[in-house]
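Undergrad: Counting from 1, position 61 in the sequence shown corresponds to residue 129 in the working numbering; the numbering is continuous, with no gaps.
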Amino acid sequence: MEAERLDVIAVGAHPDDVEIACGGTLARLAEQGYRVGIVDLTDGEPTPECPSPEVRLAEAQKAAAVLGIHVRRTLDLPNRRLFDSFEARVALAKEFRRYRPRLVLAMGNKTPRASPDHYQSMLITEGAVFYSRLTKWDEYFDGLPVHQIARLLYYRLDLHSLGPEEPNRLVVDIGPYLERKLEALACYQSQFPASKQHLFRRIRAFNRQQGMAAGFEAGEVFISPTPLGTSNLMGFLFPS
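Here it is as C-alpha cells:
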C-alpha cells in the first residue's frame, strides 16, 4: 500500500477537465517530487470528433505523461448520465482508500454552458472524501482501510466567467509550467480539432490573468471550503 501512496489526487468528470483547470499545478507538484494522481469519473465518450473511448483514453495517458502524473485511473461511470449516487461515491472512495492522498482537488462549480456532469462530479467527490474516512462500513470498500483526507480544495472550469468571488482563494504560480499544461491539452486531438484551436489562446490568457492578480506570470485559482491558516507567516508569504 505504501508504495502506491499518492500525495495528491485531482478528480475530473472527463479526461481533459483536470488538465484545463489545474494541469499546471499538477505538473509543478510532480516536478517538486510529490506523487500525483488523476481520477476521471468517466471516459468522456461519446464526443463528436472522437472515434472511440480507446482513443480518448490513450490521449489521456499521453497527457498524463506530459504532466508527470504517476497514476491515472478512469472509473466505469457513464458520461452524460453522471449523477451523484451511493455507488459513484463508493467507487471514488475506494480510490482514495487505495492511494491515500493528503490532498484532493475537486471540481468546484456548476458549468451552465457545458456538461452537467461537472457539477455532479463535485458532489460525488465531496461524498467520497467523507466516505473514505467512515469506520464500520468495510463491506462496501473491498477491505481497503479507512483513510482521512487532510485537505480538499476546489478548482473551477469557468473560462466564460470573470473569476471566482468566493473567499479563501489561493493562486498557485504556474508561470514556468503554462506551456507544459498546453502541451498536455494538445494531446487531446479528438477534443481540440482545428476548429477549437482558439481555446488554447483563451486558456493561456485566462491563466495569465489569474496569475497576474497575484503577481505571477500565470496562475491557477483554488478555493478552500475552510479558511487557510499558517503557523509560519513569513514562510507562507515568502516561500523559497
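Beta carbons are placed, not taken as given, at the ideal position from N, Cα and C, and that holds for glycine.
Which term fits residue 215, buried or exposed, when burial requires 16 or more other beta carbons within 10 angstroms of its beta carbon?
TA: Walking along the sequence shown from the start, residue 215 turns up at place 147. The residue in question, residue 215, is buried, as its Cβ has 16 or more Cβ neighbours within 10 Å.
Undergrad: Mind checking which residues open and close the beta strand (DSSP E) that includes residue 303?
TA: As a first step, residue 303 is located in the sequence shown; it is residue number 235 there, counting from the start. Premise fails: residue 303 lies in the alpha helix (DSSP H), 301-305, not in any beta strand (DSSP E).
Undergrad: Check each candidate in 140, 87, 200 and 139 and name the one with the smallest Cα separation from residue 211.
TA: As a working mapping, residue 211 is identified with position 143 in the sequence shown. Nearest C-alpha to residue 211: 200.
Undergrad: Between the C-alpha atoms of residue 274 and residue 265, what's the straight-line distance to the nearest angstrom?
TA: Residue mapping note: residue 274 aligns to position 206 of the sequence shown, counting from 1. Residue mapping note: residue 265 aligns to position 197 of the sequence shown, counting from 1. Roughly 15 Å separates the two Cα atoms.
Undergrad: Round the Cβ separation of residue 177 and residue 224 to the nearest angstrom and send it over; I've been treating them as touching at under 8 Å.
TA: Residue 177 sits at position 109 when you count from the first residue of the sequence shown. Residue 224 sits at position 156 when you count from the first residue of the sequence shown. Between residue 224 and residue 177 the Cβ distance is about 5 Å, and since that is below 8 Å, they are a contact.
Undergrad: Residues in the same chain with beta-carbon distance under 7 Å from residue 88, minus the five sequence neighbours each way, listed in chain order, please.
TA: The count along the sequence shown starts at 1 and reaches residue 88 at position 20. Result list for residue 88: 225, 253 and 271, in chain order.
Undergrad: Residue 130 and residue 255: beta carbons closer than 8 Å?
TA: By one-based count along the sequence shown, residue 130 stands at place 62. By one-based count along the sequence shown, residue 255 stands at place 187. Residue 130 places its beta carbon less than 8 Å from that of residue 255.
Undergrad: For residue 258 and residue 154, what's the separation of their Cα atoms in angstroms?
TA: Counted from its first residue, the sequence shown places residue 258 at position 190. Counted from its first residue, the sequence shown places residue 154 at position 86. Distance between the alpha carbons of residue 258 and residue 154: 32 Å.
Undergrad: DSSP three-state label for residue 142, please.
TA: The residue labelled residue 142 in the question sits at position 74 within the sequence shown. In the structure shown, the three-state DSSP call for residue 142 is strand.
Undergrad: For the ligand MN, I want to know if residue 290 counts as a neighbour, meaning its beta carbon is within less than 7 Å of at least one of the ligand's heavy atoms.
TA: By its list of ligands, the structure shown contains no ligand whatsoever, and the ligand MN lies outside what it can speak to.
Undergrad: Please report the straight-line C-alpha distance between residue 303 and residue 241, rounded to a whole angstrom.
TA: In the sequence shown, residue 303 corresponds to position 235, counting from 1. In the sequence shown, residue 241 corresponds to position 173, counting from 1. Each residue's alpha carbon lies about 16 Å from the other.
Undergrad: Distance, Cα to Cα, residue 152 vs residue 79?
TA: The sequence position of residue 152 within the sequence shown is 84, counting from 1. The sequence position of residue 79 within the sequence shown is 11, counting from 1. Those two C-alpha atoms are separated by around 14 Å.
Undergrad: Between residue 167 and residue 72, how many whole angstroms is the CB-CB distance? I'm expecting something under 8 Å.
TA: Counting from 1 along the sequence shown, the entry for residue 167 is found at position 99. Counting from 1 along the sequence shown, the entry for residue 72 is found at position 4. That pair is a contact at about 6 Å.
Undergrad: Where in the stretch 80-162 do unbroken runs of the alpha helix (DSSP H), each at least 4 residues long, occur, reported from the N-terminal end onward?
TA: Listed in chain order, the complete alpha helix (DSSP H) runs (minimum 4 residues) inside the stretch 80-162 are 85-99 and 121-135.
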